[in-house]
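>
In our numbering, the protein residues as written are 14 to 169.
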């Protein structure tokens, strides 16, 4: 009976030896999710900046056509051409930023998928080990109860 009692004390708590690693993987996955969210927000912001630049370009082209129709001074027309050139450079730089962010988003998403897979593997292992532990714990419970029943039966 003493052996069964000691066994019950030892089996009282499930201990997954890779729990620390699982916690680290969950933390890593959470960080990657936050990074991905931030990158997506940045992408949306930069995309709206690009749309604003494209709107300015359309407005400038419209104004330039008006000035040319009114036969305005060459200086004013040249100023609009220079401004359009500057806008085109800014738009090209903005598109480059968006492409870079898009690559970064894809890379982070790939890392997140990998981290999620690593976490799920450990969670499945943890579940399997818990089921094994529970089965063993139930077996120990049954052996303990059988031993008590046997001792009670011997006394009667």
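Glycine residues also receive a C-beta, built at the ideal position from the N, C-alpha and C atoms.
Every value quoted in this text rests on a predicted model; they were computed, and no experiment measured them.
Taking buried to mean at least 16 other C-beta atoms within 10 Å of its own C-beta, is residue 109 buried or exposed?
Mapped onto the chain shown, residue 109 falls at position 96. Exposed is the call here.
> Kindly indicate which three-state DSSP category residue 28 falls into: helix, strand or coil?
For the purposes of this step, residue 28 is taken as residue 15 along the chain shown, with counting starting at 1. In this structure, residue 28 counts as coil in the three-state DSSP scheme.
> Give the C-beta separation of residue 74 and residue 90 to the nearest angstrom, bearing in mind that I take them to be a contact with Cβ-Cβ under 8 Å.
Residue 74 sits at position 61 when you count from the first residue of the chain shown. Residue 90 sits at position 77 when you count from the first residue of the chain shown. At roughly 12 Å, the Cβ-Cβ gap does not stay under 8 Å, so residue 74 and residue 90 are not in contact.
> Drop a sphere of 10 angstroms on the beta-carbon of residue 54, count the other beta-carbons inside from all chains shown, and report buried for 16 or more, exposed for fewer.
Mapped onto the chain shown, residue 54 falls at position 41. With fewer than 16 other Cβ atoms within 10 Å, it is exposed.
> From the DSSP output, in three-state form, read off residue 86 for me.
The count along the chain shown starts at 1 and reaches residue 86 at position 73. Three-state DSSP puts residue 86 in coil, outside helix and strand.
> Select from 57, 51, 97 and 80 the residue whose C-alpha is nearest the C-alpha of residue 6.
No statement about residue 6 is possible, as the shown extent of the chain runs from 14 to 169 and does not include it.
> Of the choices 28, 155, 64 and 163, whose alpha-carbon is the least far from that of residue 103?
Residue numbering aside, residue 103 sits at position 90 when the chain shown is read from its first letter. Residue 64 is the option with its Cα nearest to residue 103.
> Find the nearest neighbour of residue 126 within the set 33, 45, 40 and 30, judged by alpha-carbon distance.
Against the chain shown, residue 126 aligns to sequence position 113. Closest option to residue 126, Cα to Cα, is 45.
> Assuming the contact rule is C-beta atoms closer than 8 Å, residue 59 and residue 122 should be a hit. Round their C-beta distance to whole Å, please.
Within the chain shown, the letter at position 46 stands for residue 59. Within the chain shown, the letter at position 109 stands for residue 122. Not quite, the Cβ-Cβ distance comes to about 17 Å (not below 8 Å), so this is no contact.
> Given a threshold of 16 other Cβ atoms within 10 Å of its Cβ, counted over all protein chains shown, does residue 128 qualify as buried or as exposed?
On the chain shown, position 115 is the one that residue 128 refers to. Counting Cβ neighbours within 10 Å, residue 128 comes out buried, since at least 16 surround it.
> Do the region 151-165 and the region 80-87 make contact, defined as three or more Cβ pairs closer than 8 Å?
With the cut-off at 8 Å, the region 151-165 and the region 80-87 do not touch.
> Starting from the Cα of residue 51, find the closest Cα among 114, 95 and 101 and give me that residue.
The residue you call residue 51 lines up with position 38 of the chain shown. Checked all of 114, 95 and 101; the closest Cα to residue 51 is 114.
> I'd like to know if the region 32-41 and the region 143-150 are in contact, where contact means that at least 3 CB-CB pairs between them fall below 8 Å.
The region 32-41, when compared against the region 143-150, does not touch it at the 8 Å Cβ threshold.
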